[in-house]
Structures are given as C-alpha cells and as structure tokens.
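Chemist: Going by this note's numbering, the sequence shown opens with residue 5, and the numbers climb by one from there.
Ideal placement from N, C-alpha and C gives every residue a C-beta, glycine not left out.
Note that the structure is a prediction, hence the values are computed from the model and not measured.
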Amino acid sequence: MKRSQMLDQLCADAPGALVYGEPHQTPDGATVITAARVTTSGPGGSQVTATPLGAMVIRGEQAKWVAAVDANRIALVGVFTGLLAAVITSLAVLRRPPWPDLRYAGARGEGTQS
Numbered sequence: 005m006k007r008s009q010m011l012d013q014l015c016a017d018a019p020g021a022l023v024y025g026e027p028h029q030t031p032d033g034a035t036v037i038t039a040a041r042v043t044t045s046g047p048g049g050s051q052v053t054a055t056p057l058g059a060m061v062i063r064g065e066q067a068k069w070v071a072a073v074d075a076n077r078i079a080l081v082g083v084f085t086g087l088l089a090a091v092i093t094s095l096a097v098l099r100r101p102p103w104p105d106l107r108y109a110g111a112r113g114e115g116t117q118s
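1. Are ALA40 and VAL61 close, meaning C-beta to C-beta below 7 angstroms?
2. Under 7 angstroms, do VAL42 and ALA21 count as touching if we go by C-beta distance?
3. Hey, how far is the Cα of ARG99 from the Cα of PRO47?
4. CB VAL73 to CB ALA59, shorter than 7 angstroms?
5. Put THR30 into one of helix, strand or coil per three-state DSSP.
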C-alpha cells in the first residue's frame with residue numbers, strides 16, 4: 005500500500021485523525037515534520053478541514069516539538085474578555101445602589117423641621 009493510499013484510508017477511518025507531512029530538510033541540517041488534525045464534516049464527509057498542530061524539529065540526536073499558535077483563538081478570547089468587561093461596567097453604572105438617597109441639608113439647617 006502506498007503512502008498516499010494509507011493517508012486517504014486514515015482520513016476515511018478516523019474523523020479526528022492526526023496526519024503527518026513529508027519530512028523537509030533545512031539548509032542547517034534539521035529535519036522538520038509537520039503535523040495536523042484532519043476532520044470531516046458535512047453529508048458523507050464531504051468537507052475536510054485540516055488544523056495545524058505544530059512541527060517536530062529533529063537536529064542530530066535531539067527532537068523538539070514546536071506547537072502552532074492559533075492567533076484567531078487568542079483574538080477571540082480577547083474579544084470575549086472585552087465584551088464581558090463592558091457588560092459588567094454597564095450594569096454597575098446603570099444599576100442604582102440598594103441604599104436610600106441621603107442629602108446634606110446644609111450648615112444653616114435649611115432642611116430641618118422646626
């Protein structure tokens with residue numbers, strides 16, 4: 005079975021399959037192997053989406069995993085945090101305090117009863 009056939013079978017069998025890319029050699033001698041999660045959706049798995057997870061960098065005898073950063077997820081967390089802060093601030097400003105209004109009558113006793 006060829007590699008492409010194995011990858012096609014892997015995508016068909018597992019809905020959240022992990023797929024590795026072809027190894028790439030860099031000019032400094034490191035080998036980089038990318039990894040992605042492939043998911044299918046739609047009727048009959050007609051829509052295939054690949055989400056990058058990271059890359060394995062191999063230099064000599066040492067291997068290092070470099071995770072991919074999803075900037076969209078980070079931005080979405082920032083937007084939700086700002087929205088939550090705006091809602092809490094609006095509620096705090098618009099809500100009346102639970103205690104009664106107290107007014108200062110002044111030094112001359114203008115608001116006192118005689």
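Modeler: In short:
1. Cβ distance not < 7 angstroms, so ALA40 and VAL61 don't count as in contact.
2. Yes.
3. 49 angstroms
4. no
5. Coil, per DSSP.
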